[in-house]
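Note sheet for the following structure.
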Amino acid sequence: MRFNHHIFICENLRAEDDPKGCCAAKGSAAIRHAMKSEIKKRGLRAEVRANAAGCLDACEFGPSIVVYPEGVWYGGVTEGDVTEILESHIIGGRPVERLLIRDTKYNQELKLGK
Ligand code: FES
Numbered sequence: 004m005r006f007n008h009h010i011f012i013c014e015n016l017r018a019e020d021d022p023k024g025c026c027a028a029k030g031s032a033a034i035r036h037a038m039k040s041e042i043k044k045r046g047l048r049a050e051v052r053a054n055a056a057g058c059l060d061a062c063e064f065g066p067s068i069v070v071y072p073e074g075v076w077y078g079g080v081t082e083g084d085v086t087e088i089l090e091s092h093i094i095g096g097r098p099v100e101r102l103l104i105r106d107t108k109y110n111q112e113l114k115l116g117k
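Heads up: the sequence shown is residues 4 to 117, going by my numbering.
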């Protein structure tokens, strides 16, 4: 497998008056930059890839991120959460519970600790 983890960060941008809003307006580019920089700092570039994504169809939870191959969805992520996502989830294998999207359409019940 080329990468152990693929982190997709929604950077979709919509018009300011669009009722759906968008992750780009909530700072997702800064999240991706921080993620890439932290991945590099930890020497994980061969194993982990962070990419900008278009709309992930989780707009109301944005900024939205999905991590594969696990299919773990995070919402309301800030730049300040990047280190925890990398250390707890990517390195430690424990998804960051408090950032999981609380909707079983995205995260199954098991992952939500129910
Ligand atoms: S705009 Fe980010 S999930 Fe739709």
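Every residue gets a Cβ at the ideal spot worked out from N, C-alpha and C, and that includes glycine.
Using only the alpha-carbon positions, how far apart do residue 76 and residue 12 sit? 10 Å
Could you tell me whether any non-hydrogen atom of ligand 1 is closer than 6 Å to the CB of residue 47? no
According to the neighbour-count rule (16 or more other Cβ atoms, all chains shown, within 10 Å of its Cβ), is residue 84 buried or exposed? buried
Residues with C-beta closer than 5 Å to any heavy atom of ligand 1, in chain order: 13, 15, 25, 26, 58, 59, 61, 62, 65, 67
Beta carbon of residue 82 nearer than 7 Å to that of residue 34: yes
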